[in-house]
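Participant:
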Amino acid sequence: MVKKIMSLLIIGFTVMIVSGCGLSEEEVIENISETMHEAFNRQSPEPNKDIEDFKIYFPEDHTIIEESEGNLIFDTQDQTYILFYNVLEPPTSDAFCLAEERRGNYLFLESYQDDERFLYVKVSEVDRDYELQVGMGGLRLTTQTDLKGLEETFNQMVDMINSIEIVKIEE
Numbered sequence: 011m012v013k014k015i016m017s018l019l020i021i022g023f024t025v026m027i028v029s030g031c032g033l034s035e036e037e038v039i040e041n042i043s044e045t046m047h048e049a050f051n052r053q054s055p056e057p058n059k060d061i062e063d064f065k066i067y068f069p070e071d072h073t074i075i076e077e078s079e080g081n082l083i084f085d086t087q088d089q090t091y092i093l094f095y096n097v098l099e100p101p102t103s104d105a106f107c108l109a110e111e112r113r114g115n116y117l118f119l120e121s122y123q124d125d126e127r128f129l130y131v132k133v134s135e136v137d138r139d140y141e142l143q144v145g146m147g148g149l150r151l152t153t154q155t156d157l158k159g160l161e162e163t164f165n166q167m168v169d170m171i172n173s174i175e176i177v178k179i180e181e
């Protein structure tokens, strides 16, 4: 009987420790908020993919699924991304961020602006996952991820969006 009680206590204690190790939703969002400025200002990787209107950095495991005017859909083994782009919209445009603000339904929406660009991050709940959106001017990159992957995905998306070089459009 004592062995059973000890076993149950050990299992219960182990479950408490393991479940307490992960960051809470609030902690992850706070980490994103605290690192936004630094993330948007760090050196971005060199673009390694040429798309019709721009160049972009893709991590090695990303594959383009579909490319159409204004949209690029790509994925990794377990995550799909959608990049909407309007190359005529200046990098200082806040239109996408304002639209998300009006739409509501978000846990976190924060923007960052410098002399050359306007950037924002939005996190909202979708079923049991989170929708993460990172935008800059006429660019909006969106994906879904779980809480555990939210912070890492944010950093990857910032690297991608920071790396984009718009190809000059001939008039």
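Heads up: the sequence shown is residues 11 to 181, going by this note's numbering.
Ideal Cβ positions, reconstructed from N, Cα and C, are used throughout, including at glycine.
Starting from the C-beta of THR86, find all residues in its chain whose C-beta is less than 6 Å away, skip the five residues before and the five after it, and write them out in chain order.
Facilitator: Only ASP71, HIS72 meet the Cβ criterion.
Participant: To the nearest angstrom, how far is it from the Cα of GLY145 to the Cα of LEU98?
Facilitator: 15 Å
Participant: Going along the chain, which residues of its own chain have a beta-carbon closer than 8 Å to the beta-carbon of THR163, five neighbours each way excluded?
Facilitator: The beta carbon of THR163 lies closer than 8 Å to those of GLN89, LEU142, THR153, THR155 in the same chain, with the five residues before and after it left out.
Participant: For GLU120, which residues in the same chain have their Cβ closer than 7 Å to its Cβ, ignoring the five residues on either side in sequence?
Facilitator: Hits under 7 Å: SER43, MET46, TYR130, VAL131.
Participant: Can you find the residues in the same chain that come closer than 6 Å, C-beta to C-beta, to ASN96, ignoring five residues on each side of it along the sequence?
Facilitator: Around ASN96: GLY148.
Participant: Smallest Cα separation from SER54: which of ILE61, PHE68, PHE64, THR102?
Facilitator: PHE68
Participant: Run through DSSP, which three-state label would GLU77 get?
Facilitator: strand
Participant: What does ILE83 pair with, by DSSP beta-bridge criteria?
Facilitator: GLU76, ILE92
Participant: Can you tell me which residues form a DSSP beta bridge with LEU142?
Facilitator: LEU142 is bridged to VAL133, THR153.
Participant: Taking VAL168 as the reference, which of GLU40, ILE39, ARG52 has the closest Cα?
Facilitator: When only C-alpha atoms are compared, the closest one is ARG52.
Participant: Going by beta carbon distance, what residues of the same chain come within less than 8 Å of VAL136, once the five residues before and after it are set aside?
Facilitator: GLN154
Participant: Go ahead and label VAL38 buried or exposed: buried means 16 or more other beta carbons lie within 10 angstroms of its beta carbon, across all protein chains shown.
Facilitator: buried
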